[in-house]
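So for the sequence shown, the working numbering puts the first residue at 248; every next one is plus one.
Even for Gly, the Cβ is constructed at its ideal location relative to N, Cα and C.
Keep in mind the model is a prediction, meaning the values are calculated, not measured.
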Amino acid sequence: MKSFLVFLSGFICGVIFLIMFACILVNINSSTTDTDADNGITIGHPLSRPLDHSDTDNGITMLEHDGDCVSSNSFEVKEVLENGNALAVEKVPFYSDDVFSNGITVLFLADENKSFYDEQKIKVPKGECAVQIGIYKYYDGTNKTVPIVTIK
């Protein structure tokens with residue numbers, strides 16, 4: 248009987264120690280995020296904070312002059328940010344009617360004349376293309392950089 252009580256008390260102490268160690272480890276991981284002051288990118292464990300697009304100027308860098316044509320294919324909006332801008336994926340045609348979302352991701356800027364919604368199709372008219380006008384940097388588990396485009 249005495250050996251069983253020794254075993255039980257050792258088991259209970261082990262469980263308590265394991266819980267305390269897990270709490271300390273979680274606390275250390277959640278406080279290891281760091282912000283790079285030069286570019287505003289947050290570095291740390293991807294599960295330590297949610298994706299945040301609340302700052303309207305965060306991560307946006309505009310080019311002085313229009314850049315190259317990024318694509319003449321259509322796009323599908325994957326996420327509308329809180330400021331109204333939209334992350335969209337290029338729709339690359341395959342065979343006749345089938346379309347796969349395996350193209351590049353871009354950011355369309357919102358303005359007062361247009362708004363975006365999830366899964367919206369953005370068609371590029373014939374003779375026009377999506378021209379790069381800037382870059383957008385954000386974090387969604389890894390650091391991402393995508394072109395900001397407009398249709399011209």
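I need the boundaries of the beta strand (DSSP E) containing residue i, first residue and last residue.
i                 : result
asparagine 305    : Counting along the chain, asparagine 305 falls outside any beta strand (DSSP E), and DSSP gives it neither H nor E.
glutamine 379     : 377-386
isoleucine 395    : 390-398
serine 318        : 316-318
valine 336        : 333-337
glutamate 326     : 322-327
valine 371        : Counting along the chain, valine 371 falls outside any beta strand (DSSP E), and DSSP gives it neither H nor E.
phenylalanine 363 : Segment: none, phenylalanine 363 is in no beta strand (DSSP E) and carries neither H nor E.
leucine 354       : 352-355
Out of the options, state which residue places its alpha-carbon closest to the alpha-carbon of residue i.
i              : options                           : result
methionine 309 : Phe254, Lys391 and Tyr383         : Tyr383
tyrosine 385   : Leu354, Cys376 and Thr397         : Leu354
aspartate 315  : Ala377, Leu272 and Gln367         : Ala377
glutamate 366  : Ala333, Cys260, Asn390 and Gly388 : Ala333
threonine 392  : Lys368, Thr352 and Ile369         : Thr352
Once you ignore the five residues that flank residue i on each side, which residues in its own chain have a CB closer than 7 Å to its CB?
i           : result
alanine 284 : Bear in mind that the predicted position of alanine 284 carries a pLDDT of just 44, short of 50, making it too unreliable to give a figure here.
Just to check my reading of the structure: residue i and residue j have Cβ atoms closer than 8 Å, yes? What is that Cβ distance to the nearest angstrom?
i              : j              : result
glycine 374    : alanine 357    : That belief does not hold up - the Cβ atoms of glycine 374 and alanine 357 are roughly 25 Å apart, past 8 Å.
isoleucine 380 : isoleucine 307 : Their Cβ separation, rounded to whole angstroms, is 10 Å, which puts isoleucine 380 and isoleucine 307 out of contact at 8 Å.
query = Are three or more beta carbon pairs between the stretch 312-321 and the stretch 359-366 nearer than 8 Å?
reply = no
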